[in-house]
Amino acid sequence: MLNATADFFGFISYFAELAAGAIGFSPTAFRKVAESGAAQSAAFTIAFLAGASEMLGQSVVLVVNRVAIYRFLASLAFTGVTYVVTALIWGLTTLAVAPLTRVGALGLGDFLPTASLLALAFAPRLFGFLAIAPYIGSPLSNVLEAWSMALAIFALHVGLNLPVGAAVACGGAGWAASFILRAFLGRALAHPLRQLRVAVSGTTLEKSPAQVLEDTLARLQRDDAGR
Amino acid sequence: MTEILLVSFGVATAALVLAAALSPIETLSWWAGWTDRDATSEPQGAAPTDKQRAFIVYLSGVAALSGEYMIARERIFLRRLGERLPDAAIVTEVFPYSPSGAPLLATPRLFDRLWRWLQKLRLQERRSVLKSLINLRNIYQVMVSADHRYGPIFSQGAADVIESALWRAGYSRGSPVFIIGYSGGAQVAVGAAPFLAAQLDCAIDVISVGGVIASDPGLASLRKLHHFAGARDRIEKVGAVMFAERWALMANSHWNRAKRAGRISINRLAGITHAGPQGYFGLPKLNGVSNNETMADAVAAIVFKSGEWSGDGSAQSLSADG
Chain A
277 MLNATADFFG
287 FISYFAELAA
297 GAIGFSPTAF
307 RKVAESGAAQ
317 SAAFTIAFLA
327 GASEMLGQSV
337 VLVVNRVAIY
347 RFLASLAFTG
357 VTYVVTALIW
367 GLTTLAVAPL
377 TRVGALGLGD
387 FLPTASLLAL
397 AFAPRLFGFL
407 AIAPYIGSPL
417 SNVLEAWSMA
427 LAIFALHVGL
437 NLPVGAAVAC
447 GGAGWAASFI
457 LRAFLGRALA
467 HPLRQLRVAV
477 SGTTLEKSPA
487 QVLEDTLARL
497 QRDDAGR
Chain B
2 MTEILLVSFG
12 VATAALVLAA
22 ALSPIETLSW
32 WAGWTDRDAT
42 SEPQGAAPTD
52 KQRAFIVYLS
62 GVAALSGEYM
72 IARERIFLRR
82 LGERLPDAAI
92 VTEVFPYSPS
102 GAPLLATPRL
112 FDRLWRWLQK
122 LRLQERRSVL
132 KSLINLRNIY
142 QVMVSADHRY
152 GPIFSQGAAD
162 VIESALWRAG
172 YSRGSPVFII
182 GYSGGAQVAV
192 GAAPFLAAQL
202 DCAIDVISVG
212 GVIASDPGLA
222 SLRKLHHFAG
232 ARDRIEKVGA
242 VMFAERWALM
252 ANSHWNRAKR
262 AGRISINRLA
272 GITHAGPQGY
282 FGLPKLNGVS
292 NNETMADAVA
302 AIVFKSGEWS
312 GDGSAQSLSA
322 DG
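Here it is in structure tokens:
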């Protein structure tokens with residue numbers, strides 16, 4: 277029992293050190309992830325928590341649609357998982373693009389370190405929950421996104437010893453891949469994704485606050501006409 | 002020494018951002034139904050009458066803890082306004098910085114003990130930076146009201162609270178409503194306007210006294226926003242700069258559209274600060290008249306000029322020119 281508790285706190289401390297290092301552009305943090313299995317687990321945990329935090333920041337959508345608390349928590353976890361999946365896809369894209377640069381092909385053995393490095397680059401988004409702050413939240417969220425993007429390039433440069441140009445190409449390709457996936461496959465996957473979202477959150481999450489305003493005003497006007 | 006200053010600055014900034022992040026939680030939990038919600042309903046039997054009174058709702062500034070506790074200057078201003086408008090009903094009980102209208106001193110509240118302690122400091126007139134925590138908390142709620150994500154939700158709650166207070170004051174459907182919003186109260190008033198106009202089927206005028214107002218969709222539902230801005234009021238100026246959609250550059254914003262439509266009139270007041278003895282409700286007399294009296298005269302004139310209501314107890318209608 278004591279060992280388990282010590283292990284848990286040890287992991288938390290390691291996790292915090294790694295996240296802080298990543299946020300501060302520390303090469304040591306990224307090199308650790310490139311080399312150590314424990315650091316790779318911590319990096320994927322960071323990506324998961326960053327996703328959950330980001331969703332917490334956007335939780336107004338969940339609350340506006342009045343989802344139950346357990347579904348609210350499930351939505352946080354669902355977004356966390358999508359961040360881990362994004363890191364994996366980004367890693368695959370990097371492997372696919374690397375031969376096109378002067379670096380040459382990266383081996384399949386490089387997949388896990390690459391995906392973990394990109395997962396660690398999500399570290400600034402651990403503060404994604406701050407997007408919930410009124411008025412300053414949205415610009416803050418954009419800053420965190422830009423920070424993560426810069427870290428992804430830095431991670432590939434430092435962790436895999438890629439030249440800056442190749443890191444930009446691979447990082448950019450990952451971002452482009454997610455953009456293309458959203459643009460072209462989004463429509464094809466819209467139905468199953470919508471079903472998954474409904475299953476998790478219990479609603480289509482289609483109502484925005486502005487629609488709430490419109491709905492309420494329309495209802496009040498109907499009531500008024502009926503009086 | 003520099004290190005200590007930097008760390009202190011970092012900690013203070015982090016605390017401010019964290020407090021900002023927590024500030025919409027009250028609104029979100031209220032909307033989600035995780036906290037109690039009182040239904041607002043028109044009293045049975047209330048019907049439009051021939052004699053319409055003007056109803057004036059006063060929303061205090063960000064130093065407010067509840068609708069009941071007001072500083073002496075505000076109380077004197079409202080008394081003077083009542084003397085100038087004897088037939089109008091003045092509603093002062095609304096606490097504007099909560100979607101449920103729950104005052105900071107109400108229980109259960111997460112930090113009710115803190116607010117009570119700060120109120121005690123204030124009553125003892127002890128100087129303390131901590132007293133500004135109340136202002137900070139309420140400023141965050143103004144930002145919640147101004148945020149396009151939370152604003153519609155917050156404003157719906159604020160409108161419900163104002164509506165309930167109006168029914169309790171004997172409001173009859175269709176009577177004109179004037180909301181005086183001091184400082185952040187003006188933003189809450191503008192945000193609530195569309196809901197009130199639809200629910201009460203009446204014209205809404207907002208009288209902003211040094212109001213910190215965003216480019217809110219509610220501006221489109223107002224008959225008029227009468228905005229008083231003191232020449233030495235820095236807070237009002239910060240609002241005009243902070244809410245970027247008020248800049249002339251944003252020609253299609255709610256603010257600039259309302260301005261072009263003539264729904265905003267701006268009255269600049271020489272020498273007036275945001276608060277204190279030289280503020281809008283200041284009591285010291287200059288040339289025989291205080292700012293407090295000047296404001297009471299100006300607000301009463303707006304109510305007279307804008308309303309079709311019986312100012313002297315008869316059913317006469319006042320023309321737009323008074």
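For the protein sequence lines, the chains are A and B, in the order given. All residue numbers for the first sequence refer to the working numbering, where the first residue is 277 and numbers rise by one. All residue numbers for the second sequence refer to the working numbering, where the first residue is 2 and numbers rise by one. Don't be surprised by glycine CBs; every beta carbon is placed ideally from N, CA and C.
query                                                                                                                           : result
Length of the line joining the Cα atoms of Leu-406 of chain A and Ala-252 of chain B                                            : 30 Å
Residue range of the alpha helix (DSSP H) that includes Asn-292 of chain B                                                      : 292 to 307
For Thr-93 of chain B, the three-state DSSP class (helix, strand or coil)                                                       : coil
Test: Tyr-346 of chain A CB closer than 9 Å to a CB of chain B                                                                  : no
Residues that Val-339 of chain A contacts on chain B, provided the C-beta gap is smaller than 7 Å                               : Leu-29, Trp-32 and Ala-33
Nearest-angstrom Cβ-Cβ length linking Val-340 of chain A and Trp-32 of chain B, presumed shorter than 8 Å                       : 7 Å
Residues of the segment 392 to 423 of chain A whose Cβ lies closer than 7 Å to any Cβ of chain B, in chain order                : Phe-405, Leu-406, Ile-408, Ala-409, Pro-410, Tyr-411 and Ile-412
Rounded separation between Asp-51 of chain B and Ile-140 of chain B - CA only                                                   : At Asp-51 of chain B the pLDDT is 48, less than 50, meaning the model places this residue with poor confidence; the figure from the coordinates comes in the next sentence. Straight-line Cα distance between these residues: approximately 41 Å.
Residues bridged to His-433 of chain A (per DSSP)                                                                               : Answer is none; His-433 of chain A lacks a bridge partner.
Best match in B:Gly-211, B:Glu-294, B:Gly-289 and B:Asp-161 for proximity to Thr-274 of chain B [C-alpha to C-alpha]            : B:Gly-211
Cβ of Ser-216 of chain B within 9 Å of any chain A Cβ                                                                           : no
Inter-residue CB distance, Ala-166 of chain B and Glu-75 of chain B (contact presumed, cutoff 8 Å)                              : At roughly 17 Å, the Cβ-Cβ gap does not stay under 8 Å, so Ala-166 of chain B and Glu-75 of chain B are not in contact.
Proximity below 9 Å, CB of Gly-367 of chain A to CB of Leu-388 of chain A                                                       : yes
Other residues of its chain near Gln-334 of chain A: CB distance less than 6 Å, five sequence neighbours each side excluded     : none
Cβ distance (whole Å) where Gly-68 of chain B is taken to contact Pro-104 of chain B below 8 Å                                  : 7 Å
Inter-residue spacing [alpha-carbon to alpha-carbon] between Leu-338 of chain A and Arg-150 of chain B                          : 12 Å
Sufficient close CB pairs (3 or more, under 8 Å) joining the segment 280 to 292 of chain A to the segment 391 to 411 of chain A : no
Exposed unless 16 or more other CB atoms sit within 10 angstroms - verdict on Gln-125 of chain B                                : exposed
For Leu-325 of chain A and Gly-356 of chain A, believed in contact at Cβ under 8 Å, the rounded distance                        : 7 Å
Below-9 Å beta-carbon distance, Pro-25 of chain B vs any chain A residue                                                        : yes
Run of the beta strand (DSSP E) containing Phe-179 of chain B, from where it starts to where it stops                           : 178 to 183
Chain-ordered chain A contacts of Tyr-59 of chain B [CB-CB under 9 Å]                                                           : By Cβ distance, chain A contributes nothing, its closest Cβ being about 24 Å from Tyr-59 of chain B, past 9 Å.
4 or more residues per run - each alpha helix (DSSP H) lying fully within the segment 259 to 286 of chain B                     : none
8 Å Cβ cut-off: residues of chain A touching Asp-148 of chain B                                                                 : Pro-410, Tyr-411 and Gly-413
Short CB-CB distance (under 9 Å) between Ser-335 of chain A and chain B                                                         : yes
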